[in-house]
Amino acid sequence: MKKYFFIALLLCQVSALASEGSFKPAEPIKMPWSFEGPLGTFDKQSIRRGLKVYQQVCAACHSLNRISFRHLLGAGFTVEEAKSIASEYQVKDGPNDDGEYYERPGVLSDYFVPPYANRKAAEAANNGAYPPDLSLIARGRMGGANYLYSLLIGFTDEEAPEGLYSNPYFSTGKIAMAPPLSQDIVSYEDGTPATVEQMAFDMVNFLHWASEYEMEYRKRLGLKVMGFLSILLVLSWVSNKRIWRDIKQANNDGTS
0 MKKYFFIALL
10 LCQVSALASE
20 GSFKPAEPIK
30 MPWSFEGPLG
40 TFDKQSIRRG
50 LKVYQQVCAA
60 CHSLNRISFR
70 HLLGAGFTVE
80 EAKSIASEYQ
90 VKDGPNDDGE
100 YYERPGVLSD
110 YFVPPYANRK
120 AAEAANNGAY
130 PPDLSLIARG
140 RMGGANYLYS
150 LLIGFTDEEA
160 PEGLYSNPYF
170 STGKIAMAPP
180 LSQDIVSYED
190 GTPATVEQMA
200 FDMVNFLHWA
210 SEYEMEYRKR
220 LGLKVMGFLS
230 ILLVLSWVSN
240 KRIWRDIKQA
250 NNDGTS
């Protein structure tokens, strides 16, 4: 009898694993992102709002280790605005003359301060799950911006194991992150309604900027290079025609 019980238990486990392995995530929602295409640019107002969402919602768990406060200047923030944002953070510095470390307000050259001292602390605070750094997540996830947007708005009430939440856009359909956004969880200074969809849209714009803050410069440089190469191509074609015309003329004169 005990033998049959273990066989049944094993079959249940295999069935559960097969069911989990056969899960196919939903296709991400396609959104009209301003940064797409060779002439695409950042929506700087959306980035401003996205920073607010990050600071008030996401920064409690997720770091932004590769972004310094001076990078905000490229997102349309003034020097004074960037300095003000930096000063809201306490940065560990030192040692001082007494050999001790201390905290001071952030400055432009500092980087966004992570919420946890190390990975172990992050995992301990999140039931063993490690909240990933968001600096490059827009480039590091298949589907990019569309995937992140869909993930942020895609939570459902479907039953999930304890400590997990249902989201059809996640690879397994179950994710350790609780739904981060809810209606009016932040208040936008420009009066934009803080719907879940709007906050997700702004947050993704901010994250894409964070992952490619030099994008606009690269695109402008690329257009200049293409223009230069186009002019060079025309000049080469004209020079080639002129050179071969002279050669043909010389050959004709030599044979006449």
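Be aware that the sequence shown starts at 0, since it is given in numbering that gives the first Met the number 0, and climbs by one per residue.
A virtual CB, placed ideally from N, CA and C, is assigned to each residue, including glycine.
This structure is a prediction, so every number in the text was calculated from the model and none was measured.
Rounded to the nearest whole angstrom, the CA to CA distance from Pro130 to Gly93 is 28 Å. In the displayed model, Tyr216 falls within a helix according to three-state DSSP. As computed with DSSP, Arg103 is found in a beta bridge with Val90.
Counting of Cβ neighbours within 10 angstroms places Gly105 among the buried residues, the total reaching 16 or more. In its chain, beyond the 5 residues on either side, Ala193 have a beta carbon closer than 6 Å to the beta carbon of Asp183. Per DSSP, reduced to three states, the secondary structure at Tyr164 is strand. Residue pairing for Ile242: DSSP places it in no beta bridge.
Between Ile152 and Glu196, the CB-CB gap stays under 8 Å. Within a 10 Å sphere around the beta-carbon of Val52 sit 16 or more other beta-carbons, which makes this residue buried. Here the C-alpha atom of Ser165 lies approximately 6 Å from the C-alpha atom of Ile174.
By DSSP's assignment, Ser67 forms a beta bridge with Tyr110. Of the residues Ala124, Ile84, Tyr168 and Pro114, the one whose Cα lies closest to the Cα of Leu107 is Ile84. If you look at Ile46, you'll find it in the alpha helix (DSSP H) that goes Lys43 to Val52.
Note on geometry: alpha-carbon atoms of Asn250 and Leu222 lie some 42 Å from one another. Where Arg118 is concerned, the enclosing alpha helix (DSSP H) starts and stops at Arg118 to Ala124.
The DSSP-derived three-state label of Ile174 is strand.
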